[in-house]
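Protein chains in written order, with the numbering used here: chain A, 233 to 690; chain B, 233 to 690.
Spelled out as structure tokens, the structure:
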């Protein structure tokens, strides 16, 4: 007899056991492998061998060995590879043609064109963009990540995180309200961007240089013990960072303006945790044979997945809007499909994967604190290891589930969860809510095929 | 039959049911009322009527209506009643004769005498103190609270919190290491005290005046959602407060020094939550017939309890050292009995009562995150209400258990839990650990007798 007096285990639909007393049944959460795709299921079984396991051990060890340090804040053109000359703008990955872009991304690109002075007004900017006068590429192709539209122009200041000679970059967070990353490009947005370029960037850079590099792993670890999950809740990391930089900022001309900005922006540290996650994940990119996910990103039309064993290749599928809580006056019909590079945090194992650390976030994205614990536990089923630095106090200090394994996703049918902001589908309206979204299953099916091809080619 | 198949409920010692299969027994945590004191048990039954319940409803409503605002940082002599003239020093309550004081309190008083310039050296200071040349009184008698020795001299800057014309005060937190509140009084301590008097106090005051009053209830509520419990863990409140004050501090001469101090002191906000708790609890002091605890405080020799229905009267009993984790090289034999006014936080319903909010603190005071949840749940059994502003995300946002009822303590045998630092028993060594201590049962027995007397006198 099964312990607890259970007499029936049901792996099928609940209606099969409707006639059995409920106390005698345990309903299993079993799903057919590879989301029911028999061909991919066979490929996945073929990939699941000791060579893959060894490759994955190497890949996740490389990720966990990275200790990103915030070393500078510099104009993108001076530090981001490929941004030194020409009219180039970066956007949230995966790649997408201008004609196919969503409203918020177009709006953000227009704002960037205007802020660079490449056009005198929005119409001219749009004509320039649609006529091919601007090169647009994913930030991910340049070691760069940005939330939502993720647009970077050459003159914009970016966070520079470094470890062992490698660098990654992220935009500076503008705060909430009417902001470029949600596709707004009016005078208020352009004025703020100019201030960020002329004041925020240089003053932050001088404060960081004066105070010395900041260990981002340690900062995020502290913040996870203070109710942040490092994606949608960043008030602890922002406050810790501000408190540390404050004496250096206070010593600089216009440092007061920067301290005022930091006091009013609870999400400032998001972009820092993103840059650090990007640097960590890129350490595994191109590991032959590894089924580790190295990037998840959405461009507002498609969801893109990159896997260590297939290098730079993107596996893409259409993306929908997040489920969550909308600000008053807005609903799912207003929502743009999911957008941004910020899922790099979940790729590393924070954000939605660290929900257990952040029970208070359920008031922002929906659900209950118990759901938050269950979400982190569920993500353990599809990840390779507990993150050695990111311990979660509510789960008795267990490490956050880190490193998504394509094969485990296919075996369990459990999809990675992503915390996200929700943008209005029209350029310029801004954020209308926040919530949670699952990565689409289709990209994992494509990734399995890609991994099998890569193995065949070796 | 009892649900779950249990056949035996045992309210006695476990050995009574040793012969019964374990699965058939539920062991109840029943204790005789009033800790086995039959006379007090009878008094408590007599007190437990509608008049007491109505008095308690009024008392806890008055406590929860208080919204303390940090309005100034001023020299104690300018704001604390009774400190304007003469050689008077305040210490952690309850009252105690100099001859009976513990090492850390004597050390702190010597440091205060030296910092006031009332003696040229430690020997002269001690002679002055022991000859009665200094008036020593509990801070609690002056609307004042301080952690550990809780010593305040007239020239020391104090936090001023205000609501509806009433004020309460607390010392400024010196940080860890060799500090006055743990009884250290060497040159390093005196130099820091002079800096706090000449720089920290006046500069903080100017920044608060410039920025406007700070809503302490809101600050503590935010911090409880960020892993603080408001007594032994204060990094969130300190970081939020610093981030808010930083732009104003940066604009002031010597503001950089203050920002450096705040960046290095994770406990700065403790004293602010103490002052706010004191202001809240004093709103209920003297409520006729109420069995609400309005103060718990330790002077390193005795534990003191005050109850709303008995006004200013202290009920005291000997106090022992806390159980917890010791710093390397120290053990319980080095520990001073528990010390300080900081249990005013537990009196309001944060600190040990809000352990559920702060799973990470278990690494500092001992126990596990599950213990932390259990502690908060246990404190519900002896408190009057959930605090309306202090919600605890890990317990599905339930309010922290607030307002200890003497009668509930006697009925359940559950003692209030207090988070605490552990001081070395010799003056000047400083903190050697942190842990948790139960209030002694004896003070609740005395309080019941006092409440019965007060009722008889009405």
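Where is the CB? At the ideal position from N, CA and C, for every residue including glycine.
Exercise for the section: Output, in sequence order along the chain, the residues in the stretch 590-606 of chain B whose CB is closer than 7 Å to any CB in chain A. Expected result: The residues in question are 591, 592, 600 and 601.
Practice task
Using the Cα positions of residue 660 of chain A and residue 418 of chain A, report the straight-line distance between them to the nearest angstrom.
Solution key: 8 Å
Handout entry: Under 7 Å (Cβ pairs) to chain A, residues found in the stretch 451-465 of chain B
Key = 457, 458 and 459
Handout entry: Chain-order list of residues whose beta-carbon lies under 7 Å from that of residue 437 of chain B (same chain, five-residue window excluded)
Key = 304, 305 and 306
Handout entry: Cβ neighbours of residue 620 of chain A in the same chain (closer than 8 Å, five flanking residues each side left out)
Key = Same-chain partners within the cutoff: 296 and 631.
Problem - Close-in-space but distant-in-sequence residues of the same chain around residue 516 of chain B (CB under 6 Å, 5 per side omitted) - result: 291, 294, 295, 524, 526 and 540
Exercise for the section: Return the chain-ordered list of same chain residues with a C-beta closer than 6 Å to the C-beta of residue 509 of chain B, the five sequence neighbours on each side being excluded. Expected result: 576, 577 and 580
Problem - Per-residue burial, residue 568 of chain B [other beta carbons within 10 Å of its own, 16 or more giving buried] - result: That one is buried.
Handout entry: Min CB distance residue 536 of chain B to chain A below 9 Å
Key = no
Handout entry: Per-residue DSSP class, three states only, for residue 252 of chain B
Key = coil
Exercise for the section: Spell out whether any CB of chain A is found under 9 Å from the CB atom of residue 405 of chain B. Expected result: no
Problem - Residue of A:384, A:499, A:555 and A:272 minimising C-alpha distance to residue 369 of chain A - result: A:384
Exercise for the section: Under 9 Å between beta-carbons, which chain A residues line up against residue 488 of chain B? List them in chain order, please. Expected result: Annotation: Cβ neighbours of residue 488 of chain B in chain A (cutoff 9 Å, chain order): 478, 479, 480, 482 and 483.
Handout entry: Spatial distance of residue 281 of chain B from residue 606 of chain B (CA atoms)
Key = Between residue 281 of chain B and residue 606 of chain B, the alpha-carbon positions lie close to 29 Å from each other.
Practice task
Provide the residue(s) that pair with residue 668 of chain A in DSSP beta bridges, ordered along the chain.
Solution key: Beta-bridge analysis with DSSP links residue 668 of chain A to A:555 and A:651.
Practice task
Specify, as a first and last residue, the run of the alpha helix (DSSP H) that residue 678 of chain B falls within.
Solution key: 673-689
Exercise for the section: Output, in sequence order along the chain, the residues in the stretch 626-641 of chain A whose CB is closer than 9 Å to any CB in chain D. Expected result: Protein chains A and B are contained in the structure displayed, whereas chain D is not.
Practice task
Flag this pair as yes or no: are the beta carbons of residue 684 of chain B and residue 279 of chain B separated by less than 9 Å?
Solution key: yes
Practice task
Can you grab the Cα-Cα spacing for the pair residue 583 of chain B / residue 452 of chain B, in whole Å?
Solution key: 11 Å
Problem - Chain-ordered neighbours of residue 491 of chain B on chain A, where CB pairs are closer than 7 Å - result: Near residue 491 of chain B (Cβ distances below 7 Å), the residues of chain A are 478, 479 and 482.
Practice task
May I have the straight-line CA-CA distance separating residue 216 of chain B from residue 420 of chain B, to the nearest angstrom?
Solution key: With chain B represented from 233 up to 690, any question about residue 216 of chain B goes unanswered, as that position is not in the structure.
Practice task
Check the Cβ of residue 352 of chain A against every Cβ in chain B and list those closer than 8 Å, keeping chain order.
Solution key: Here the premise fails: no neighbours, minimum Cβ distance about 36 Å.
Handout entry: Spatial neighbours of residue 598 of chain A in its chain, beta-carbon cut-off 8 Å, leaving aside the 5 residues before and after
Key = 555, 556, 557, 667 and 668
Exercise for the section: Following the continuous alpha helix (DSSP H) through residue 282 of chain B, name the residue where it begins and the one where it ends. Expected result: Element bounds for residue 282 of chain B: 282-297.
Problem - Neighbourhood of residue 455 of chain A by C-beta distance below 6 Å, restricted to the same chain and skipping five residues each side - result: In chain order, 468 and 469 place their CB closer than 6 Å to the CB of residue 455 of chain A, counting only its own chain and leaving out the 5 sequence neighbours on each side.
Handout entry: Chain-ordered neighbours of residue 495 of chain A on chain B, where CB pairs are closer than 8 Å
Key = 475, 476, 478 and 479
Handout entry: Below-9 Å beta-carbon distance, residue 471 of chain B vs any chain A residue
Key = yes
Practice task
At 4 residues or longer, and completely inside the stretch 348-397 of chain A: list those alpha helix (DSSP H) runs for me, N to C.
Solution key: You should have 354-362.
Practice task
Step through the CB atoms of chain A and report whether any lies within less than 9 Å of the CB of residue 277 of chain B.
Solution key: No - not a single Cβ of chain A is within 9 Å of the one on residue 277 of chain B.
Problem - Cβ pair residue 408 of chain B, residue 347 of chain B closer than 9 Å - result: no
Handout entry: residue 240 of chain B classed as buried or exposed, judged by whether at least 16 other C-beta atoms fall within 10 angstroms
Key = exposed
Problem - Exposed unless 16 or more other CB atoms sit within 10 angstroms - verdict on residue 677 of chain B - result: Burial state of residue 677 of chain B is buried, judged by a 10 Å Cβ sphere holding 16 or more other Cβ atoms.
Handout entry: Listed by chain order, chain B residues near residue 468 of chain A by CB distance under 8 Å
Key = 458, 459, 468 and 471
Problem - Segment contact flag, the stretch 314-329 of chain B with the stretch 373-381 of chain B, C-beta cutoff 8 Å, min 3 pairs - result: Output reads yes: the stretch 373-381 of chain B touches the stretch 314-329 of chain B.
Handout entry: Contact check, residue 494 of chain A vs residue 475 of chain B, beta carbons under 9 Å
Key = yes
Practice task
Could you tell me the distance, in whole angstroms, from the CA atom of residue 460 of chain B to the CA atom of residue 650 of chain B?
Solution key: Residue 650 of chain B has its alpha-carbon roughly 15 Å from the corresponding atom of residue 460 of chain B.
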